[in-house]
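Novice: Counted from 1, the sequence shown has number 274 at position 129 by my numbering; the numbering is strictly sequential.
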Amino acid sequence: MVKGKGGYLFEATDRALSYLTKKGKPFFIMIEVAKIDTGRHQNDAEKVVEEVIDFDQALAGALAFADNHPGTLVLITADHETGGATLPQGNVSNMQIELEFSTEDHTGIMVPLFAYALMLVLSDVCIKRDL
Ligand SMILES: [Zn+2]
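#1: Could you tell me the distance, in whole angstroms, from the CA atom of V197 to the CA atom of G169?
#2: Could you check which residue in V193, Y153, N213, M264 has the C-alpha nearest to that of F246?
#3: I'd like the span of the alpha helix (DSSP H) that includes I198, first residue to last.
#4: Could you compute how far the alpha carbon of Y179 sits from the alpha carbon of F200?
#5: Do the stretch 252-263 and the stretch 212-221 touch if we need at least three Cβ pairs shorter than 8 Å?
#6: F155 and L165 - do their beta-carbons sit closer together than 8 Å?
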């Protein structure tokens, strides 16, 4: 079973966010898992999963940061798709997936864009203003 690369990206993300927060100024940070593309060019499912696990851990840290820092916007996307990968089957309880690739090149498949931000409930804002 693939387990990621030991949390390096999570740790780097956490340190970068702490460093930038201490400066007390608005900031922009881009966190990338560049070898997902390499793994997909090589049609190497194990490498892809390993990179996705690292990305997932770093993303969890970024989302937790956003939860604790209102006004933070987290955008998640990719610059392109590679490999034309599909997931024909898997077993969640065994944490196994099967990846099939249709090419070793970039594709024209559209990539998603997700956004995450802490949303304040309007009534909470009104209550705070009344105090
Ligand atoms: Zn590429």
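Don't be surprised by glycine CBs; every beta carbon is placed ideally from N, CA and C.
Specialist: Straight from the coordinates:
#1: Locating residue 197 in the sequence shown gives position 52, where the first residue counts as 1. Locating residue 169 in the sequence shown gives position 24, where the first residue counts as 1. Near 31 Å, if we compare the C-alpha coordinates of G169 and V197.
#2: Sequence index remark: in the sequence shown, residue 246 carries index 101 (1-based). Per the Cα distances, V193.
#3: Counting from 1 along the sequence shown, the entry for residue 198 is found at position 53. Per DSSP, I198 belongs to the alpha helix (DSSP H) from 190-213.
#4: The count along the sequence shown starts at 1 and reaches residue 179 at position 34. The count along the sequence shown starts at 1 and reaches residue 200 at position 55. Strictly speaking, residue 179 in this sequence is Ala, with Tyr absent from that position. Cα to Cα, the separation comes out at about 10 Å.
#5: yes
#6: Residue numbering aside, residue 165 sits at position 20 when the sequence shown is read from its first letter. Residue numbering aside, residue 155 sits at position 10 when the sequence shown is read from its first letter. In this structure, F155 does not lie closer than 8 Å to L165 by Cβ.
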